[in-house]
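Input: a single structure, listed below in structure tokens.
Protein chains: 2
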Amino acid sequence: MPNQKVVAGIDLGGTKTLIGLVDSTGKILITKQFPTNIHDHPKDHIEKCIKILGDCIQKISINEDSLLGIGVNVPGLADPKNGVLIHAPYSGWKNVQVKNYLQERWSEIPIRIANDVNSCALGELVFGKGKEFNQFLWVTISTGIGGGIIIDRKVYEGEHFIAGEIGHLVVEWENGNLCGCGNCGCLEAHASGTAIAKMAEMEKISPATAKNVAELAYNGNKIALDIYRQAGEYIGRAFSYAANVLNPGAIIIGGGVSLSFDLLEPHIRKTFRSAVIDESNKNIPILRTALGYEAGLIGAASLIYANE
Amino acid sequence: MPNQKVVAGIDLGGTKTLIGLVDSTGKILITKQFPTNIHDHPKDHIEKCIKILGDCIQKISINEDSLLGIGVNVPGLADPKNGVLIHAPYSGWKNVQVKNYLQERWSEIPIRIANDVNSCALGELVFGKGKEFNQFLWVTISTGIGGGIIIDRKVYEGEHFIAGEIGHLVVEWENGNLCGCGNCGCLEAHASGTAIAKMAEMEKISPATAKNVAELAYNGNKIALDIYRQAGEYIGRAFSYAANVLNPGAIIIGGGVSLSFDLLEPHIRKTFRSAVIDESNKNIPILRTALGYEAGLIGAASLIYANE
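So the sequences go chain by chain: C and S. Those letters in the first sequence? Residues 1 to 308, per the working numbering, in order. Those letters in the second sequence? Residues 309 to 616, per the working numbering, in order.
In structure tokens form, the structure reads like this:
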């Protein structure tokens, strides 16, 4: 494929890194996954990424000229302007010059980095259901819960790059669960995959995982259904806050827990409708992404395609 | 003042209309106030505005050429693109062609309309404390509670022109007060001037007004202090939602209840800090406007100055 233009995506996660080449239609041409070793020096990890990306390019026999750019998702606070990973809470990496390191190898093409959730939001805008909306809210519901905001078809990052913290909206003011952030009652502490697993554990469901609870719920288990009802209601509370503030065109969700969207959806919608003003907000589409497992990689590539 | 450039502001409120001329520094040169008669046909009311604005122009002896434009605040849902007041809940006026009516008299100059709260936000951006911030949240706490969002130094209106509905964030999920919007537990039903007056009535405080409760609180009355504590805590909850979603540079408040800001502020801040993520959010400045009673008129004028 000597003349095909491609973008490289690097989805640098807390436990694994996924590298791939994505064409302009959002099709993934090749991927390679390997563990993120948080004990590595971050520069060494980026060196590994460079090597593996080089291998991918060789493998599908494209010219280096065909590489339009490189998009990188980072698992934490990013400074997109300078291409720096400011802080990754899980690995403890700080002030990693991601863009500079990559530019030592590829100096002539654009290299852009973003927080992984913002990147997913952008991927949804460029290649997913977000195409239809000028503004929407992206929410990843996984082990944690994060949000990304698209306004006027661009990622809105906020004054200190931390807009869209949907997972930390307080949905339970009295005796709320303690959240990893130190506050109590955050959505993440009541409706994430981790929170669902904790509820399962308290109900002596084994294995106590969000996936198993979902399977039990699909088979009609009342306790499991009730766990998803609770999670759905809390998600509905948080979505009502985001909608009353932002009045987005849609809310689009992804992440592992979103695979059980049909268990959550009626409870999300009911609570949501009871807590937003105006019919136009009450009827905002709440959708599940169609991009699937590789949404992160597509998001990384969209950092380049969105600016083409 | 034959060569001075001025902008006309029309602050069309539910009960009164304020018309004035504002210079490019935000100084008000002349104002004239008269009742808004909601039983009038809206076109007749606009005709009255046209006449009174003409009188103002004559009175300060400026040329009609000096009039740069006209900004109009409307008390309800506005369509700024077409210059239409879509719906004013209090008066019941619908689809009023504000811009067209004014353009019959002034056809050569820009005429812009906006919802009164968005207009206050813009006034704060152009002439107030908002100058320092690229994005901030404006909140009017008065008989009701409304919010306006500035992003990238522009008013953000949302997909259906209803972004910033801070007054309708649910701050009390169990047995919340019934709100005028039909939902329960909205901030407006727990912390507006009207809500404070209702709490006063229940405590047999007379006269049961927000202003009187504030006076009692300043004199150390415990019940009155407790009413303001409650209101402040609820405002803190709502502000935490807006901050976690938007990560604004500041939150700036105005409206009658904001005159008692020092009674509210410690309670707002304490609750707010307990419910936002990240130190940068916890330390967001929460400020009171310095624009005072005529903020609405200055806001109307800023609809023109912001686009100069």
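Think of the CB as a built atom: it goes at the ideal place given N, C-alpha and C, for glycine as much as any other residue. Note that the structure is predicted; figures quoted are calculated from it, not measured.
Original post:
Does the distance from the C-beta atom of D360 (chain S) to that of K335 (chain S) stay below 7 Å?
Top reply: Contrary to the premise, residue 360 (chain S) reads as Ile rather than Asp in this sequence. Not in contact: I360 (chain S) and K335 (chain S) (Cβ atoms no closer than 7 Å).
Subject >> Distance cut-off 6 Å: E47 (chain C) Cβ against heavy atoms of the ligand GDP >> reply: In the structure shown, the ligand GDP is absent, as is every other ligand, since no ligand is present at all.
Subject >> beta strand (DSSP E) segment containing N444 (chain S), residue limits >> reply: Reading off the sequence, residue 444 (chain S) comes out as Phe, not Asn. That run of the beta strand (DSSP E) goes 444 to 449.
**OP:** State the start and end residues of the unbroken beta strand (DSSP E) segment that holds Q33 (chain C).
**Re:** 28 to 35
**OP:** Kindly indicate if chain C contains any beta-carbon less than 7 Å away from that of L393 (chain S).
**Re:** no
Original post:
Excluding the five sequence neighbours on either side, which residues of its own chain have a C-beta within less than 6 Å of the C-beta of E511 (chain S), listed in chain order?
Top reply: I531
**OP:** Out of S:I417, S:S582, S:I585, S:I543, state which residue places its alpha-carbon closest to the alpha-carbon of F569 (chain S).
**Re:** S:I543
Original post:
Under 7 Å between C-beta atoms, does D534 (chain S) make it to chain C?
Top reply: no
Original post:
Would you call the CB atoms of L21 (chain C) and A8 (chain C) closer than 7 Å?
Top reply: yes
Original post:
Of all the options S:A499, S:R420, S:K462, which has the alpha carbon lying nearest to the alpha carbon of D387 (chain S)?
Top reply: S:R420
Subject >> Start-to-end residues for the alpha helix (DSSP H) that takes in A301 (chain C) >> reply: 295 to 305
Original post:
Taking buried to mean at least 16 other C-beta atoms within 10 Å of its own C-beta, is E587 (chain S) buried or exposed?
Top reply: exposed
Original post:
Under a CB-based cut-off of 7 Å, is I560 (chain S) close to chain C?
Top reply: no
Subject >> Neighbour flag for D278 (chain C) against chain S, beta carbons, 7 Å >> reply: yes
Original post:
Can you round the beta-carbon distance between G604 (chain S) and D319 (chain S) to whole angstroms, since I take them to be within the 8 Å contact cut?
Top reply: 4 Å
**OP:** Measuring alpha carbon to alpha carbon, tell me which of C:G292, C:I196, C:E157 ends up nearest P556 (chain S).
**Re:** C:E157
Original post:
Skipping 5 residues on each side, what residues in its chain have a beta carbon closer than 7 Å to that of S24 (chain C)?
Top reply: K5, Y305
**OP:** Step through the CB atoms of chain C and report whether any lies within less than 7 Å of the CB of L595 (chain S).
**Re:** no
**OP:** Could you tell me which residues DSSP puts in a beta bridge with G20 (chain C)?
**Re:** C:G9, C:T31
Subject >> Straight-line Cα distance separating A558 (chain S) from E440 (chain S) >> reply: 9 Å
**OP:** Tell me, please, whether the stretch 202 to 221 of chain C touches the stretch 236 to 246 of chain C by the rule of three or more beta-carbon pairs shorter than 8 Å.
**Re:** no
**OP:** Identify the contact partners of P556 (chain S) in chain C, using a Cβ-Cβ distance below 8 Å as the criterion.
**Re:** G158, E159
**OP:** Kindly say whether Q312 (chain S), judged by its beta-carbon, lies nearer than 7 Å to any beta-carbon of chain C.
**Re:** no
Original post:
Which chain S residues are close to C181 (chain C), counting only those with a beta carbon under 7 Å from its beta carbon?
Top reply: I585
Subject >> Minimum C-alpha distance to G71 (chain C) - residue among C:D116, C:G182, C:N283 >> reply: C:D116
**OP:** Within the stretch 405 to 454 of chain S, note down every full beta strand (DSSP E) run reaching 3 residues or more, in order along the chain.
**Re:** 419 to 423, 444 to 449
**OP:** Verify the CB distance criterion: does Q135 (chain C) have a CB-CB separation below 7 Å to chain S?
**Re:** yes
Original post:
Residue range of the alpha helix (DSSP H) that Y464 (chain S) falls in?
Top reply: Where Y464 (chain S) is concerned, there is no enclosing alpha helix (DSSP H), although the beta strand (DSSP E) it sits in stretches over 462 to 464.
Original post:
Residues of chain C with CB under 7 Å from N589 (chain S), in chain order?
Top reply: I162
**OP:** Figure out for me which residue from C:P285, C:I227, C:F161, C:I286 has the closest Cα to the Cα of I585 (chain S).
**Re:** C:F161
Subject >> DSSP beta-bridge partners of A386 (chain S) >> reply: S:L393
**OP:** Using the Cα positions of G431 (chain S) and T36 (chain C), report the straight-line distance between them to the nearest angstrom.
**Re:** 49 Å
Subject >> Cβ neighbour criterion (16 or more within 10 Å) applied to P350 (chain S) >> reply: buried
Original post:
So, helix, strand or coil for N529 (chain S), using DSSP?
Top reply: coil
Original post:
Who are the Cβ neighbours of E523 (chain S) in its own chain at under 7 Å, not counting the five residues just before and after it?
Top reply: none
**OP:** Using the Cα positions of S119 (chain C) and N529 (chain S), report the straight-line distance between them to the nearest angstrom.
**Re:** 53 Å
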